[in-house]
Amino acid sequence: MYRTIVSSLTGLFGVLIFIGGAWLAVIGGSWFFILLGVGMSGSAFLLFQRRPEGLALYGVTVLVTFVWSVYEVGFDWWALSARGSLLVVIGVLLLLPPMVRSLHRPEIGWARYDASSGILAGSIAVALVAGLYSMFLSQHDTGGVFSDAQMATNKTLETGVPDGEWQAYGRTNAGRRYSPLDQITPANVDNLKVAWTYHTGDIRGPNDPGEATYEDTPLMIDGTVYVCTPHNLVIALDAVSGKEKWRFDPHLKQTAKQTTQHLTCRGVSYFDGASAKPAAAGQQPPVTADSTTKTEEQRVAESAAEVTTGAAGVPQNVVTGQAKRGDPNPVVNHKTTAAMANLDPTCIKRLFAPTSDGRLISISAETGKICPGFGGDDGTINLWANMPNISPGSIYSTSPPLVTDRLVIVGGSVNDNVATTSPSGVIRAYDVNTGDLVWNFDSKNPDATAPIANGQTYSENAPNSWSVSSYDPKLGLIYLPMGNQSPDQYGVGRSASVEKYSSSILALDVNTGKPAWVFQTVHHDLWDMDVPAQPSLVDLTIGGTEIPALVAPTKQGEVYVLNRKTGEPALPVKEELAPSGAVKADTTAPTQPVSTISFKPPPLQEKDMWGISPLDELVCRIEFRDLYYKGRYTPPTEQGSIIYPGNFGAFNWGAVAVDPNRQIMFAMPVYLAFTSKMIPRPDQYTRVVTKEGGDVFNENFGAPYAAKMGAFLSPLGLPCQAPPWGYVAGVDLTTGKTIYKHVNGTVRDLSPIPLPFKMGVPGIGGPIITKGGVAFLSGTLDYYVRGYDLKTGKEIWRDRLPAGGQATPSTYLGSDGRQYLVVVAGGHGSTNTAAGDSIIAYALPKSG
204 MYRTIVSSLT
214 GLFGVLIFIG
224 GAWLAVIGGS
234 WFFILLGVGM
244 SGSAFLLFQR
254 RPEGLALYGV
264 TVLVTFVWSV
274 YEVGFDWWAL
284 SARGSLLVVI
294 GVLLLLPPMV
304 RSLHRPEIGW
314 ARYDASSGIL
324 AGSIAVALVA
334 GLYSMFLSQH
344 DTGGVFSDAQ
354 MATNKTLETG
364 VPDGEWQAYG
374 RTNAGRRYSP
384 LDQITPANVD
394 NLKVAWTYHT
404 GDIRGPNDPG
414 EATYEDTPLM
424 IDGTVYVCTP
434 HNLVIALDAV
444 SGKEKWRFDP
454 HLKQTAKQTT
464 QHLTCRGVSY
474 FDGASAKPAA
484 AGQQPPVTAD
494 STTKTEEQRV
504 AESAAEVTTG
514 AAGVPQNVVT
524 GQAKRGDPNP
534 VVNHKTTAAM
544 ANLDPTCIKR
554 LFAPTSDGRL
564 ISISAETGKI
574 CPGFGGDDGT
584 INLWANMPNI
594 SPGSIYSTSP
604 PLVTDRLVIV
614 GGSVNDNVAT
624 TSPSGVIRAY
634 DVNTGDLVWN
644 FDSKNPDATA
654 PIANGQTYSE
664 NAPNSWSVSS
674 YDPKLGLIYL
684 PMGNQSPDQY
694 GVGRSASVEK
704 YSSSILALDV
714 NTGKPAWVFQ
724 TVHHDLWDMD
734 VPAQPSLVDL
744 TIGGTEIPAL
754 VAPTKQGEVY
764 VLNRKTGEPA
774 LPVKEELAPS
784 GAVKADTTAP
794 TQPVSTISFK
804 PPPLQEKDMW
814 GISPLDELVC
824 RIEFRDLYYK
834 GRYTPPTEQG
844 SIIYPGNFGA
854 FNWGAVAVDP
864 NRQIMFAMPV
874 YLAFTSKMIP
884 RPDQYTRVVT
894 KEGGDVFNEN
904 FGAPYAAKMG
914 AFLSPLGLPC
924 QAPPWGYVAG
934 VDLTTGKTIY
944 KHVNGTVRDL
954 SPIPLPFKMG
964 VPGIGGPIIT
974 KGGVAFLSGT
984 LDYYVRGYDL
994 KTGKEIWRDR
1004 LPAGGQATPS
1014 TYLGSDGRQY
1024 LVVVAGGHGS
1034 TNTAAGDSII
1044 AYALPKSG
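Structure below.
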């Protein structure tokens, strides 16, 4: 019985591998799997006949597979395990006494191990020794250290933010994610302990969209930590004890699940009104007030009116733009600067909180109460004002606005790939005190920056800026990471203005909203490679000259270092040839810009395919050969294309951390391949890639094609490409050289069995750097917050989190004199990490 079961199993695998191998060979792939299938099937046939030579044949098959595997991938443990683990397990089963005994005469009562079993045992021993050897190699790591001199650099920096506070998403509007605190060092970071934990009570619910996520970076000002939640609650906590001071509930009007792509809050913005100035007096006339100031309840009731549906169940305004647009006029209550002198004293310092139902609310940082006068008595601006084609959830702000000494500047997230009649991606600047509209930048109408007139609407489907912006007050420029117009994967009909501003870094004059310069990171973007991250502003010494620089990470893996005054590259950028082959009527750009600092992956090859066994690896090899792939920037096709890196991005909204003293960048590059297939649409309205009653994402109503996209996965749901999928890296920004790059993260929370194998896992969320020489990161898809020695990039501390930590942490100095690290662990809907509601603060033990 034992012999029958094990032989049958061996034969079954052999036949399946042979069939798959023949298919792979026919479409131009490796012939090896045919030989592997023959070896396994032949061994099984001999074993069924009670012939010991079956063991010998299996041993030869294992040995040949090992030699072939080393030839393809070297001594890479994870790549070798995909090819050999199943074979070794079956080989061990074949060597057990029940099998060996069954191959000899019944009168012999013991197992007889002979030359055949010896060949098999020897082959397995070779494979095991080689596997053990490969486990101790780090062939994917790039070793290196920053010099002692560079690590000791200590310039005096003027930021306008107290050293112990974290006042903006990137700590300051320069977006560096760098803290000048040095209490925590590589020598003592291992002593960090949980100081307090707070639970927000805001948990992902069944009626939330799939991308309901915790992405918040906590602020700390004047001894208070400020956090926001996916449902836009704003909560103030005591920075030392973690006790709640107040909470603000915007009474979010739940938008339609099928048309809301994200439910998240990356943070709130802080403003100290004691230093406020009038908004660009005389340069742009503020928009005149509406004669009637509407209450918040009236505004929401009108703007979120129920969407009508057509015969196909598709929201009609998503397709045609003809349903209700909401309030056509800005809800403003214009006041003079003198009138602001009567502002409630508790609103001198205040927070600006965006919501997913299209509002921007001003609340007191001291009490959490509404600050009347910003937009109206309800302290609210209607971000759906003057918007075309509004439907619930079609546009909202997921990122904190940029706040200057006189303006609050807001972009917005427009749903990707729903329709060609999306709302506008306009960027607007409001008076920080009154909420009056000061200027607006519509990338389809870039010269018309004066406030839009009442009753008019912005350009539909204009490229947007959904991430976080940066600001240089000395140059008077704000820097915006720009996205695309929908659909992302089809570029026919884009105007010259759309092509100019899509997937770019845009510098606008803070007083007028006029473009100062634009640098495009992807030409004729067909991949959803919008610039996802806040640019980091830092003065760099390059070639002996100090340059006012900007560091901008991108989804495609390029990190551009630009002169932030002119937009010219501070480190060289060259154009490289890019693949062709777009769908009918579309084109591809002949070249794409490549930076000195590049984390572009090497092109995928068939040998890079992976699985937990030869079977699922074989399926991935077949898929690789069936899909269209010509390297990075392979265009989407009707055949189906591999997009690598995928639109998850080598970098995303978590950005990078930049040390302005040491001129070092610390980053978490991610490598995941995606697939993209263009599906011809029969008409504008019929659903092609979604089901009736569900969401409408990727339908691209109004375009010739819908898009079917997702990660490039095996039948078991694992990435088809071999690990590692995630790293940490350190870069010298003065030269553009990557000093180290280390595999980062384990599969403990990604596999059915919690195995702590260090495979290098993906992540989303960003790092921070401290003057103490420690970088912190919690974004990996295993549930840990980690500390790294900035000099070497080595992990030197970690602690277990109760849920996914896909947010960027922050650090501050408490009133008790201790440096705190605060981490948000609430999970991320699109990465399927465990949901939670924890805010966790760490600190070194109290002295004495």
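In terms of the numbering used here, the sequence shown opens at residue 204 and continues consecutively.
The C-beta atom is built at its ideal place from N, Cα and C for all residues, glycine as well.
Going straight from the alpha carbon of Trp271 to that of Trp280, what length do you get? 14 angstroms
What number of angstroms, rounded off, separates the C-alpha of Gly963 from the C-alpha of Leu266? 29 angstroms
Going by the CB atoms, is the gap between Thr949 and Lys961 shorter than 7 angstroms? yes
Proximity test, Cβ basis, 7 angstroms: Tyr908 and chain D: The chain labelled as chain D is not found in the depicted structure, where only one protein chain is given.
What does the Cβ neighbour count give for Ile208, buried or exposed, with the cut at 16 atoms within 10 Å? exposed
Taking DSSP as the reference, what is the three-state secondary structure of Cys923? coil
How would you write the range of the alpha helix (DSSP H) that Glu820 sits in, first residue to last? 817-829
Do the CB positions of Pro365 and Val471 come within less than 7 angstroms of each other? no
Candidates Gly1008, Thr1034, Lys974: which alpha carbon is nearest Thr359's? Lys974
The beta strand (DSSP E) with Pro883 in it runs from where to where? 877-883
Report the start-end ranges of each beta strand (DSSP E) in the region 550-631 that is 3 residues or longer and not cut off at the edges. 552-557, 562-567, 583-585, 610-613
How would you call Pro775, buried or exposed, if buried means at least 16 neighbouring beta carbons within 10 angstroms? exposed
Alpha helix (DSSP H) segments (min. 4 residues) lying fully within the region 683-715: 699-704
Can you tell me where the alpha helix (DSSP H) with Leu219 in it begins and where it stops? 205-229
With a threshold of 6 angstroms on Cβ separation, who are the neighbours of Pro926 within its own chain once the five nearest residues in sequence on each side are excluded? Trp281, Met962, Gly963
To which residues of the same chain is Ser673 closer than 8 angstroms at the C-beta, ignoring the five residues directly before and after it? Gly373, Asn376, Ala377, Gly378, Leu605, Ile681, Tyr682, Gln737, Pro738, Ser739, Leu740, Leu753
Residue range of the alpha helix (DSSP H) that includes Val291: 280-298
Endpoints, the alpha helix (DSSP H) within which Asp385 is located: Premise fails: Asp385 is in no alpha helix (DSSP H) and is neither H nor E.
Do you know whose CA, among Ala1046, Gly571, Phe644, Trp730, lies nearest Val437's CA? Gly571
Beta-bridge partners of Pro751, as assigned by DSSP: Asp742
Taking buried to mean at least 16 other C-beta atoms within 10 Å of its own C-beta, is Val1077 buried or exposed? Lying before the first or after the last residue shown, residue 1077 is absent from the chain, which here runs from 204 to 1051.
Secondary structure of Phe722, DSSP reduced to three states: strand
Quick one: Cα of Arg884 to Cα of Gln842, how far? 15 angstroms
Per-residue DSSP class, three states only, for Ala352: helix
When DSSP labels each residue in this structure, what does Leu335 get in the three-state scheme? helix
When you compare only the Cα positions, how much space is there between Asp608 and Pro676? 9 angstroms
State the CB to CB distance for the pair Asn585 and Arg562, rounded to an integer number of angstroms; the pair is presumed to be in contact (CB under 8 angstroms). 7 angstroms
Using the three-state DSSP reduction, which class does Thr268 fall into: helix, strand or coil? helix
Limits of the beta strand (DSSP E) - the one that Met912 falls within: 908-914
List the whole-angstrom C-beta distance separating Asp819 from Pro918, where the pair is believed to meet the contact cut-off of C-beta under 8 angstroms. 6 angstroms
For Gln1022, list the residues DSSP reports as bridge partners. Leu1016
Trp399 - partner residues in DSSP beta bridges: Ala1044
Assigned exposure category for Thr511 - 16 Cβ within 10 Å defines buried: Bear in mind that a pLDDT of 34 at Thr511, under 50, signals an unreliable position, so the model cannot answer this.
Please return the same chain residues whose Cβ sits closer than 7 angstroms to the Cβ of Pro489, not counting the five positions on each side in sequence. In this prediction, Pro489 has a pLDDT of 40, which is less than 50 and means its spatial position is unreliable; nothing more can be read from the coordinates.
Starting from Val931, trace the alpha helix (DSSP H) in both directions and tell me its first and last residue. No alpha helix (DSSP H) contains Val931, which is instead part of the beta strand (DSSP E) from 930-935.
Cβ-Cβ distance between Met685 and Leu711 below 7 angstroms: no
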